[in-house]
Structures are given as C-alpha cells and as structure tokens.
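Reading through the structure tokens given below for one structure.
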Ligand code: RAT
Ligand code: ZN
C-alpha cells in the first residue's frame, strides 16, 4: 500500500512531541565513553548500591554537608561510607543534585523505596542478583546496545586479564586510554620498562618505534575502537614538550595508519584538592584553537572531542563547522546536568544539525547507565522537539521515519560510522 507523504506528516505539535519522546526513549544507544567493565574483570567491574553511593561525584557532595575529616572518611569501609552518603544526602537532606537524583532514578527503576531510612532493603536486593543476568537487565532497561570501556594498557590488573585471554562480550567495546603514557611520561616510561618495552626517556628513534609497536599490539589485543586521551586546561598544540612529540611521532601516525579516531577530552585540572582523591579533580577553560590546529594538520585523522568548560562549547561547535574530521561529543562530567545538557545540545543542533554525538554516560558503576540515559534522553527529546516545532512553524513538517533516522544517527549512527574500519 502506498501512503502519501502528506498523511505521514506530523503537523500537530502535541502529536509531534509525543512521537519525538517515544522515539528518543526507545532508540538503542551506543555509549561512546564509560569506565565500565564486564563481570570477567572481577574487582574492576563495579555495581550495586554501595558502589553507586560511593561514586566520586557523590563523595564530593557529601563532604560539603557532613563535615567529616578527610582521613576519617577514607579509613571507613565502603559500606560505612555508603551509609554516610545515604544519611547525609538522602535522609538529612533532599537529593536535588543531578548525581543524587540519579540514585533516586536507579532505586525507582528497581521498585526500591526512594525514601528509605537505611540501605538494608537496597543491599538485600542487589546482593540477590546474579551478575551476568543483572548486566543484561541493566542494558535492557537503559536501552544501551553497547558501551565503550576505558582500557589502560599500563594498568597491571587490566593487563593480566587481557593477557590471560578475555573472551569479548558484545556489550563492551574497548578503547585505549593513553593518559598514563602521554600525561606522565617519566612514570609511563618506567611502567613500560617493567613490562619489557625498551624505552629511553629522551625519545630516541628506537623508543619511538617501540612505542608504536606497543600501541599497535594493544590495539589488536583489545580490538580498540579508538585511542583516547584527557588533556589539561592549559593544553597547547603545537607545544615544546614530551606530550607533543608523543602525539606527533607515535599516537597520530598510529591513529592514521590504523584508521582509528582519536578521542580528546580537554579541560581537566587533576587533583585540585588531593585530599578528595578521585573526587578532587577540577576544571578550566581551554584553548579550542589547539584542537583546530590538530584537525588542520592531520586531516586524515578523525577526532572525537569534548571540552569540560561551558565557556568552550560554542567555540567547539564553530571549530566543528570548519573541520569535518572533528566530531563534538557528550556533555562531560560537570556539564552532565540537565541545564547544561539542554543548553549545549541546543547550540549543537543549531550549529551542526545532527552531525555530533549528544551524550555519553561516563558511567563507572553499572546501574548508572539507567539514570544517565534516562536523564539524557529527557533533555535530548525536549531539545529535538523544540527544533522540529520550529521547523513546523517555519513551514516544514517531519515524519516519524525522519525523526527515527535523526535520533538513530545521534544515539548510535554517527559513532558507528566513525569507528567503521574500511
Ligand atoms: O567523569 C568522571 O568520572 C571523571 O572522573 C573522569 O573519569 C573523566 O570522565 C575521564 O575519563 O577522565
Ligand atoms: Zn571518563
């Protein structure tokens, strides 16, 4: 049966918005950056209520209200820490922050009491789950097809698992994270020597070729879909430092040869308050022109880029308009709050159409997938609904098929296309 296009047009705003919401909520996602690991990674694979509550975002918030000395907190067991976080942020106070609301969304998804006075029932529920089935259930609830892990080739625990022959799990893709190698070269070099890779601190020709080989071997071993690096707010390119040489002589040539995108996460200031440990990193405004120069000098390399400062978001969109090898992605870390996600996604739609990746979860604990995607989908649907409504007012209605095509591109297609190795 041939239906005329007119009959498919969504010309009434209430129906249009209902369709957008239903399509955004049901379209499967490929989550392009997480810190999750499959169950075979044993202690690296985090899940359950105690891990959820001791997420570093919530620890930082707890210190603002609990007034507990740092040392005392770090000496506590994980269960005691989780109890304190629950009491401080959920019993004595109302959980209004984004990370706290995330816990509420997760408890609610499993039918657990979001106003409980303690964690007894929540612990009993998570303790009764069988991990492999629970992983499938969480991916199902979140409608996530697969996540990309953050794999560090210099991490001792990870290396052992990869070297012992890990059978790939289709829910988990891999990426090679190069922070240890590029951001702390002297320690990176020491670790490489321990693993039998011969490197000289001065980066002589033999070292460069050994480093390339090392990367190539790990790309193959983990079947990496991209190479990744986080960068400080004061990152410059070009620059007269070791990282610049490692980028130009090792990472960029390997990315080019292997056809792998380079993911850059720019604007972090590590350990602003070391007493907070993992929760102690801050942020700063960075220089987007550094990324523009890299995109111009390496046109064959595809760059996936996110910035941590709100002030850099508009410049990133403009840079992406100039370089088609640059794909902005995600609202990272301190930007993963509804107000920021809404603003940033809006300006990306206005400047880039659908040629970007609106969000990644950055999940560290399995069940965070549920809330991070639930909350992200809400903002994406809202912004997309507004865009289509404006389009309608300007004289063009869309169809359900067109909405599906756009949402699929945003939530999975753009990334799949980028990592496709021709
Ligand atoms: O969002 C986070 O959890 C941060 O701590 C970082 O992991 C950041 O996302 C990163 O990948 O460096
Ligand atoms: Zn991350």
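Residue numbers (this note's numbering): 2 to 423. Ideal Cβ positions, reconstructed from N, Cα and C, are used throughout, including at glycine. Given the structure is predicted, the values throughout are model-derived calculations rather than measurements.
In the DSSP assignment, residue 174 falls within the beta strand (DSSP E) that extends over 173-178. For residue 245, the enclosing alpha helix (DSSP H) covers residues 243-247. Remark: the shortest separation between the CB of residue 282 and any heavy atom of the ligand RAT falls under 7 Å.
Positions of the alpha helix (DSSP H) runs, each at least 4 residues long and wholly inside the stretch 224-304, are given as 243-247, 253-259, 289-298 in order along the chain. The stretch 213-227 makes no contact with the stretch 272-292, as fewer than three CB pairs between them are under 8 Å. In this structure, the beta-carbon distance from residue 256 to residue 302 falls below 8 Å.
Here DSSP, grouped into helix, strand and coil, assigns residue 210 to helix.
Restricting attention to 76, 61, 402, the CA atom closest to the CA of residue 20 is found in 402.
If you ignore the 5 residues before and after residue 143, its C-beta comes within less than 7 Å of the C-beta of 370, 371, 374, all in its own chain and listed in chain order.
Residue environment: residue 413 is assigned as buried (16 or more neighbouring CB atoms within 10 Å of its CB, all protein chains considered). Note on residue 196: under 16 other CB atoms within 10 angstroms of its CB, so exposed under the neighbour-count rule.
Annotation: residue 69 to residue 352 spans about 46 Å, alpha carbon to alpha carbon.
C-alpha of residue 135 to C-alpha of residue 41: approximately 14 Å in a straight line. Nearest Cα to residue 79 within the set 93, 96, 50: 50.
Across the set 161, 421, 297, 183, the C-alpha of 161 shows the shortest separation from the C-alpha of residue 44. Comparing alpha carbon positions, the residue from 167, 30, 264 closest to residue 304 is 264. Judged by DSSP in its simplified three-state form, residue 162 adopts helix.
Taking 8 Å as the upper bound for CB-CB distance, residue 56 and residue 366 are in contact here, some 6 Å apart.
With 16 or more other CB atoms across the displayed protein chains lying within 10 angstroms of its CB, residue 154 is buried.
For residue 215, same chain residues with a beta-carbon under 6 Å away, outside a window of 5 residues either side, are 198 in chain order.
Residue nearest to residue 337 within the set 328, 359, 316, 325 is 359 (criterion: CA-CA distance). Residue 231 is not a Cβ neighbour of residue 289, given a cutoff of 8 Å. Listed in chain order, the non-local C-beta contacts of residue 281 below 7 Å within the same chain comprise 272, 273, 274, 275, local neighbours out to five positions each way being set aside.
Taking the CA atoms as reference points, residue 87 sits about 27 Å from residue 380. The residues 326, in chain order, have a CB closer than 7 Å to that of residue 300 in the same chain once the five nearest residues on each side in sequence are set aside.
Short of 6 Å from the beta carbon of residue 22, and not among the five residues preceding or following it, lie these beta carbons of its own chain, in chain order: 382. Assignment of residue 115 by DSSP, reduced to helix, strand and coil, places it in the coil class.
Nearest to residue 331 by C-alpha distance, out of 416, 166, 397, is 416.
Listed in chain order, the non-local C-beta contacts of residue 310 below 7 Å within the same chain comprise 268, 284, 285, 286, 287, local neighbours out to five positions each way being set aside. For residue 392, the enclosing alpha helix (DSSP H) begins and ends at 369-394. Residue 168 has its Cβ no nearer than 7 Å to any heavy atom of the ligand RAT. Annotation for residue 153: no alpha helix (DSSP H) segment contains it, and DSSP assigns it neither H nor E. As summarised for the stretch 42-107, the continuous alpha helix (DSSP H) elements at least 4 residues long and confined to that stretch are 50-54, 57-67, 71-76, 79-87, given in chain order.
Judged by the Cβ position, residue 269 qualifies as a neighbour of the ligand RAT at the 7 Å threshold, a heavy atom of the ligand being closer than this.
DSSP places residue 317 inside the alpha helix (DSSP H), whose first and last residues are 314-323.
Ordered along the chain, residues surrounding the ligand RAT are 231, 334, 363 [Cβ under 5 Å from any heavy atom].
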